[in-house]
Amino acid sequence: MDMMVQVFQNIFSPQSLFLILMGVVIGNIFGCIPGLNTPIAIALCLPFTMAMDQVPTVCLLMGIYMGGVSGGLVSAILLKIPGTAAAVATTFDGYPMTLNGQGTEALTLGAFASFFGGIFSSIMLLLLAPLLSKLAIGFGPWEYFGATILALSMVCVLIQGKMVKGFISLGIGLLAKCVGMSPIDGMAYRFSFGNVNLENGFSLIAVIIGVFALPEIINNAGKLKETLSVTRIRKKVFHMLPLRDIKRHFVNFMRSSIIGTVIGILPGLGGGPAGLMAYAAAKKTSKTPEMFGKGCDEGIAASESANNATTGGALIPMLSLSVPGDTSTAVIMGAFAIQGIVVGPNLSLTQPVLFRSIIMAVFVANIFMFLYQGSTLRFMARVIEIPKMYLMPLIVAFCVTGIFCLNANVFDLYYTIGFIILGYVLDKNDYPVAPLIMGMILGGTVEENLRRSISYYGSFQNCLTIKSVGTLFFAIAVIIPVVSGIMNAKKYRVTAQK
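Numbering (the working numbering), first residue to last: 553 to 1050.
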């Protein structure tokens, strides 16, 4: 009882509520503007969290995460341009509804569906994360190594048509993490070339901003004069979905939320595939499947419920296994590490108040997101019209200032330029960046647990002969890419013969 009182005091203090609301606002803005996204918003706010305590940091980041995923529906419905990858399926029926003069109804439905999916996945987070933590509490270094390798392997395999490129990107991230001091003995300095500035390795925030955020700004540099015009939204104090529509879509909401939560738990997938799978399921079970793609509100309900349900799903493996479920949770995991929050099975035991505060912050963030979107849909539509020639330079200034403020070291800016070039080259050659970021974040976990396992069992070969779940994880991590590669090769040969 005392623990829950502390949790409520943490989350329902004026400061925490304000930070959650600010996070939701920031996330929504970044989510609704094409070219920006949730990981960029989180990365830009990381420097500001350096001066915060753990709970305020959690509140801000959870607000950004919840708001960012949902924000993509605005431009997806009004412009047929998904603000985030998660909102791709929302464009299929959202934009046709706008053309039919139902833009307000589409946005209202999308906002409620986002809220439903977010709350559902929050409940699953509350129920499943502690159970998974208890199962993983007996894990040793070999089990953690196997689980992490499996997660990294799945990230690459699940990137459709780019598995090899995904593994190359992952390798770059793992190599980047090897720069600097050895995590085991603290004596060896790898790849520093005698430069004292590299003895502590690359700053995670600098890498994320350099590889992920700034290349997007470069891609938008040729569109600075581009101004988007949107359909006007009817003036209303609060846009709320009617009760009859809630009842009509309830089964769709539930089914799509379950799909989204399950997809969110799988590392590397995220809201995009979840929305598409839920959309396909809704179309298959609909009484009027021929209306999908022509302005069917069932499609919006399915897509938005599913993509927002991935948020709680992605947090489940992050909090209980130290394995981020998507790019956003990977960045959040890095922010937690900076704050000294060690996620994993021990978090619920060593810091039970903080563990439950994170879950409570997710609940509150979803409620704030719904209230904010319902009351500001008309104004959010206007945000899309902000000229990029004003917006992009401001973001660059935030990025540069944030990187410098981390260590007050100009050298961080120098190697960030290198990562900007790397990120731009990878993007232009169709290499996924998410595996690189995952490798950078989880590389330390892989190396540390592998070396501890070898030290304990004598050799890597001895580790492989151990009958444990770690060996099973490692075997699956190797077998799945091989099988996937063989299947893709067969499909390629069949296509070539045709």
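Where a beta carbon is used, it is the ideal one built from N, C-alpha and C, also for glycine.
Taken atom to atom, the span from the alpha-carbon of residue 682 to that of residue 997 is near 21 Å.
Residue 734 and residue 743 have their C-alpha atoms some 11 Å from each other.
For residue 842, there is no enclosing alpha helix (DSSP H), as DSSP gives it neither H nor E. Residue 624 carries a coil assignment under DSSP once its states are collapsed to helix, strand and coil. The beta carbons of residue 841 and residue 685 sit about 41 Å from each other, so the pair does not count as a contact at 8 Å.
Here the C-alpha atom of residue 607 lies approximately 43 Å from the C-alpha atom of residue 1013. Taken in chain order, the whole alpha helix (DSSP H) runs of length 4 or more contained in the stretch 889-937 are 899-902, 904-935.
Closest option to residue 955, judged by alpha-carbon separation, among 567, 582, 600, 558: 600. The beta carbon of residue 903 lies closer than 8 Å to those of 893 in the same chain, with the five residues before and after it left out. Beyond the five residues adjoining it in sequence on each side, residue 726 comes within less than 6 Å, by CB distance, of 991, 995 in the same chain, given in chain order. The Cβ atoms of residue 922 and residue 573 do not sit closer than 9 Å to each other.
Here residue 718 has 708, 711, 984, 987 as same chain residues with Cβ atoms under 6 Å from its own Cβ, once five neighbours each way along the sequence are excluded.
By the C-beta density criterion, residue 982 is exposed, having fewer than 16 other C-beta atoms within 10 angstroms. The criterion of a C-beta distance shorter than 9 Å is not satisfied by residue 972 and residue 680. By the neighbour-count definition (other C-beta atoms within 10 Å, threshold 16), residue 879 is a buried residue.
Annotation for residue 567: 608 place their beta carbon closer than 7 Å to its own, counting only its chain and skipping 5 residues before and after.
Per DSSP, the unbroken alpha helix (DSSP H) holding residue 1000 starts and ends at 986-1009.
If you look at residue 792, you'll find it isn't in any alpha helix (DSSP H); DSSP assigns it neither H nor E.
The alpha-carbon separation between residue 639 and residue 865 amounts to approximately 17 Å.
In the DSSP annotation of this structure, the continuous segment of the alpha helix (DSSP H) that includes residue 850 starts and ends at 849-873.
Contact annotation, residue 858 with residue 829: C-beta distance approximately 7 Å; criterion of less than 8 Å satisfied.
Annotated three-state conformation of residue 604 is coil, per DSSP. The beta carbons of residue 598 and residue 757 sit about 5 Å from each other, so the pair counts as a contact at 8 Å. Judged by beta-carbon spacing, residue 812 lies within the 9 Å limit of residue 669, meaning their Cβ atoms are closer than that value.
Assignment of beta-bridge partners to residue 732 by DSSP yields 742. With respect to the C-alpha of residue 1002, the residue from 798, 580, 736 having the closest C-alpha is 736. The alpha-carbon of residue 907 is positioned some 27 Å away from that of residue 664.
In the three-state reduction of the DSSP assignment, residue 554 falls in the helix class.
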